[in-house]
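Top line first, the protein sequences correspond to chains V and Y. Counted the way our numbering counts, the first sequence spans residues -13 to 383. Counted the way our numbering counts, the second sequence spans residues 103 to 429. Notes for the one structure printed next.
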Amino acid sequence: MTIFGFGWEIMTNETNYQDRQWLDPDAEPFIQLRGVTKQFGSFTAVKGVDLDIYKGELFSLLGGSGCGKTTLLRMLAGFETPTSGTIYIDGMAMNDVPPYERPVNMMFQSYALFPHMTVESNVAYGLKRDGVKKSEIAERVDAMLSMVELSDFAKRKPHQLSGGQRQRVALARALVKRPKVLLLDEPLVALDKRLREQTQFELMNIQDKLGVTFIVVTHDQEEAMTLSTRIAVMDQGQFMQIGTPTEIYEYPETKLIANFIGSVNMFEGRVVSNDDDHMLVDSVETACRFELGAVAKAEKGAKLWVAVRPEKISMSTTAPQSVGTNQIKGTVHDIGYLGNMSIYRIQLDQNGSSEGGSLVEVTVPNQVRPKDGKHAIDWDDEVYLSWHPESSVALFR
Amino acid sequence: MMTPDADNKANIQSTHSSSVAGVGSRITELFFNKIHEKWRSIVVAIPFIWLLVFFLAPFFIVFKISIAESLIASPPFSSLFDWTEEGVITVRVIFDSFLYLVEDELYLDTYLTSIRISSISTLICLLLGYPIAYAIIKSPDTTRHILLLMVILPFWTSFLLRVYAWMGLLADQGTINDLLIWLGIIDKPIRLLYSHFAVYVGIVYTYIPFMILPLYANMEKLDMTLHEAAADLGAKPMSTFFTVTLPLTLPGIIAGSLLVFIPATGEYVIPDLLGGGNVSMIGKVLYNEFNANHDWPVASAVAIALLLALVVPMMIYQHVQSKEGVS
Ligand SMILES: Nc1ncnc2c1ncn2[C@@H]1O[C@H](COP(=O)(O)OP(=O)(O)O)[C@@H](O)[C@H]1O
Ligand SMILES: [Mg+2]
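Written out as structure tokens, the structure is:
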């Protein structure tokens, strides 16, 4: 990484909330969406969303294809006007502000580089429009091109570059204007896996250095997890959950989110008892009794799902010393060996039925090498699964 | 840091895996490449042969006539080759016709008038056609097809008929004058027909589709997100137009302008019918030399000179373009 010497405003917030401004009740959101709706004819692409994004955040909009992410981003950039609702950037309502006067820049999904201009002219374009002095333009363009390591390509046209290089030109072109907010629409989809991972960290570095607020649209949950300070999970034009990557992964609010981010085992059950610090739930399918540490409001007899992530489950071939909660017995059905770890699919023993029950996924780090092609726990072994009460969550939807 | 090499690495890997594919597929690939090459040369040859037979051959015939001498005979010009009594071929080349073009100011004047009229018409076609083409591109799918059809629709009636229709509209007792008098804007007919104005109206009306269609074809390929990108980077609509739209539609502008300018310069029917005796363009002079004066060599010389006047600037332009493309 080259040394980067712009006189940029770096955040110097002295409170404890420095990195987590959304927890600070006094913090002023940099971007506010209030009841923003966008309709295309009779189709509603974005449905009355509210959102606060704070200065210096790297905020991700995560969701499947067609859920309205791009539409939301385009409203922020000013290419679409909300059917109703208001967008505020830096305290200013953006309704009547055209794209060329907004303090935001966008990196387009297709990069949208000007094909008739060299890399250099592409990057200089925005500065020229602002009437920046010639000498300063040259300086800033040079600095930006060396930051994205494209100095040697300054005189090339976009069609003479690879996908990764184009992506970096697009990034440089948007960043050289020192926007307050950078909008990135699926910035990494066109790159292969290796380059994508590198670029992810690169984006995080740049964001950290410049203190620019990034809003990234992505459909890749891993990407969102790696990059973001916070993620908004979107579905059908609405936010299903907004939170840090940890919150979304560890405490999903609905089955849909739990399934969307990573994999999860879901057990249907009914509440047996629910007091101050733990809840007991009887499984519908197996003879297991679940215990949950985190208490959710639930009446006795209420139906719910207990969700446990595969890596939270411990697996053993020896029966536990005593019968307790969160214990299930099953048979190894399938092993997926990934090198660093293995994914086991365990078929549960079912109540009074000879047929196999549902499959539970368990991931195990491969601390010991398989010997003679045999795993420590192998196909058709009987196994006992268990997990800590604090490791599961109760989901009602 | 991002390494530019990463892309290359991926490329190397992919070529590697394709080399594992069987030899059989390699042979079929070669076979198809061969056919492909042959086919390409055939496809390229057809227009060349066409040009040779229907353009180059007539061109040489006309050129031959232009360096002959005018005779009162049939054909009305001397032959290029003659057999003397001793059986020797003599070649008679006479540049009188070309000299005549230079000496008589009428011809130079007419050339200049023609080029001026067709240049101004081309400019008007461009100024009108560009926004029309852009509006067609920007309109929703169904309207777009209807609008495009309306551009092509005039071709379905005879060109002559349409020019006569304009005579009816522009005449002293024509529709436009009648309407203006009825509205009380004027009280006696104004001269519209048989003027430069009428010629401009006729040429612009006739040739504007040839401007709109190449522009449309060019703009259709235009990536509209580029406009958004420009706006996003702070360009106001005007600035976006001059820095992005215009440079990217330049090929369409050049194609459309040539398609209007070249035939308009040699136009005969429009200046004759709408310009009457008041507008003399080179096409009309050509016609008169052939049919009224029966001076085929001079007529041919006029044609050759016109061709040179149009082709030479184009070739210079092409040359400059290809040079720019290389660098
Ligand atoms: N200009 C438009 N006209 C009509 N429908 C649109 C338009 N733009 C987007 N949509 C629709 O809105 C929905 C959301 O689109 P988009 O925001 O692009 O989704 P995403 O980026 O999440 O994949 C899609 O169903 C899409 O068809
Ligand atoms: Mg999208």
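In this text, a Cβ means the ideal position worked out from N, Cα and C, and glycines have one as well.
By DSSP's criteria, residue i is part of a beta bridge. Which residues make up the other side?
i: L189 of chain V; result: According to DSSP, L189 of chain V bridges with nothing at all.
i: Q18 of chain V; result: V:D38 and V:Y74
i: Y25 of chain V; result: The question names Tyr, but residue 25 of chain V in the sequence shown is Gln. Partner(s): V:T30.
i: I219 of chain Y; result: Paired residues: none, contrary to the question.
i: M265 of chain V; result: V:N260 and V:L278
i: D116 of chain V; result: Answer is none; D116 of chain V lacks a bridge partner.
i: M301 of chain V; result: V:L371
i: N91 of chain V; result: V:L168
i: W185 of chain Y; result: Y:I191
Give the residues of chain Y in contact with residue i, contact being defined as C-beta atoms less than 7 Å apart.
i: P68 of chain V; result: Ordered by position in chain Y, no residue passes the 7 Å Cβ test against P68 of chain V, which lies about 17 Å from the chain.
i: R115 of chain V; result: L335, G336, A337 and S341
i: N81 of chain V; result: By Cβ distance, chain Y contributes nothing, its closest Cβ being about 17 Å from N81 of chain V, past 7 Å.
i: A63 of chain V; result: D334
i: G112 of chain V; result: L335 and G336
i: K141 of chain V; result: Those within 7 Å of K141 of chain V in chain Y number zero; the least Cβ separation is about 11 Å.
Leaving out five residues before and five after residue i in sequence, what residues of the same chain have Cβ atoms less than 6 Å from its Cβ?
i: I329 of chain V; result: G322 and T349
i: V448 of chain Y; result: Nothing about residue 448 of chain Y can be read from this structure; chain Y reaches only from 103 to 429.
i: R159 of chain V; result: N108 and V109
i: Q193 of chain V; result: L44 and F200
i: S121 of chain V; result: none
i: V198 of chain V; result: L168
i: S382 of chain Y; result: T212
What does a CB cutoff of less than 7 Å around residue i pick up in its chain, not counting 5 residues either side in sequence?
i: A123 of chain Y; result: At A123 of chain Y the pLDDT is 48, less than 50, meaning the model places this residue with poor confidence and gives no usable figure here.
i: Q333 of chain V; result: G316, T317, H319, G342, G343 and L345
i: H421 of chain Y; result: none
i: P89 of chain V; result: I75, D76, P165, K166 and V167
i: S260 of chain Y; result: none
i: V414 of chain Y; result: none
i: A401 of chain Y; result: L388, E391 and F392
i: I372 of chain Y; result: V265, V301, G304, I305 and T308
i: A235 of chain Y; result: I314, L317, Y318 and M321
Which chain V residues are close to residue i, counting only those with a beta carbon under 8 Å from its beta carbon?
i: P349 of chain Y; result: H102
i: V422 of chain Y; result: Going along chain V, no residue has its Cβ under 8 Å from V422 of chain Y, so there is no contact; the nearest lies around 17 Å.
The beta strand (DSSP E) with residue i in it runs from where to where?
i: H319 of chain V; result: Q313 to Y323
i: I191 of chain Y; result: I191 to V193
i: L168 of chain V; result: V167 to D171
i: S168 of chain Y; result: Counting along the chain, S168 of chain Y falls outside any beta strand (DSSP E), though it belongs to the alpha helix (DSSP H) covering A159 to S168.
i: A336 of chain Y; result: The sequence as given places Gly at residue 336 of chain Y; Ala does not occur at that position. Counting along the chain, G336 of chain Y falls outside any beta strand (DSSP E), and DSSP gives it neither H nor E.
i: K289 of chain V; result: K289 to V294
i: L47 of chain V; result: L44 to G49
i: V202 of chain V; result: T199 to T204
Looking only at its chain, what residues have a beta carbon closer than 8 Å to the beta carbon of residue i, apart from the 5 residues adjacent to it on each side?
i: I217 of chain Y; result: T367 and A411
i: P106 of chain Y; result: In this prediction, P106 of chain Y scores a pLDDT of 46, lower than 50, which makes its location untrustworthy; the coordinate-derived value is nonetheless stated afterwards. Once the five neighbours on either side are set aside, P106 of chain Y has no close Cβ partner at all.
i: I283 of chain Y; result: D289, K290 and P291
i: M61 of chain V; result: V22, K24, V32, T67, P68 and I73
i: L250 of chain Y; result: I238 and Y318
i: G27 of chain V; result: none
i: K163 of chain V; result: N91, G112, L113 and D116
List the residues of chain Y whose Cβ lies closer than 8 Å to the Cβ of residue i, in chain order.
i: S96 of chain V; result: D325 and T327
i: N91 of chain V; result: D334 and L335
i: P85 of chain V; result: E330, A333 and D334
i: K163 of chain V; result: L335 and G336
Under DSSP, the alpha helix (DSSP H) around residue i begins and ends at which residues?
i: R246 of chain Y; result: D243 to I254
i: T367 of chain Y; result: L348 to T367
i: E347 of chain V; result: Unbroken run through E347 of chain V is the beta strand (DSSP E), L345 to P351; no alpha helix (DSSP H).
i: N67 of chain V; result: Checking the displayed sequence, the identity of residue 67 of chain V turns out to be Thr instead of Asn. Looking at the DSSP string, T67 of chain V is not in any alpha helix (DSSP H), and its letter there is neither H nor E.
i: V301 of chain Y; result: H298 to E322
Can you name the residues of chain V whose CB is closer than 9 Å to the CB of residue i?
i: V303 of chain Y; result: Neighbours of V303 of chain Y on chain V: none; closest Cβ ~36 Å, over 9 Å.
Quick one: which chain V residues come within Cβ less than 7 Å of residue i?
i: V346 of chain Y; result: F100
Worksheet entry | Three-pair Cβ contact test at 8 Å for the region 366 to 383 of chain Y versus the region 127 to 137 of chain Y | The region 366 to 383 of chain Y makes no contact with the region 127 to 137 of chain Y: fewer than 3 CB pairs, one atom from each, lie closer than 8 Å.
Worksheet entry | Segment contact flag, the region 296 to 308 of chain Y with the region 210 to 226 of chain Y, C-beta cutoff 8 Å, min 3 pairs | yes
Item to complete: Please confirm if the region 145 to 160 of chain V is in contact with the region 169 to 179 of chain V, defined as three or more CB-CB distances below 8 Å between the two stretches.
Response: yes
Worksheet item: For the 8 Å Cβ check, are there 3 or more pairs between the region 222 to 241 of chain V and the region 356 to 368 of chain V?
Response: no
Worksheet item: Does the region 190 to 198 of chain Y come within contact of the region 265 to 274 of chain Y, defined as at least 3 CB pairs closer than 8 Å?
Response: No, because fewer than three Cβ pairs between the region 190 to 198 of chain Y and the region 265 to 274 of chain Y fall closer than 8 Å, the two stretches do not touch.
Worksheet entry | Cβ pair count under 8 Å reaching 3, the region 329 to 348 of chain Y against the region 181 to 191 of chain Y | no
Fill in: Given 8 Å, three or more beta-carbon pairs between the region 254 to 264 of chain V and the region 284 to 298 of chain V
yes
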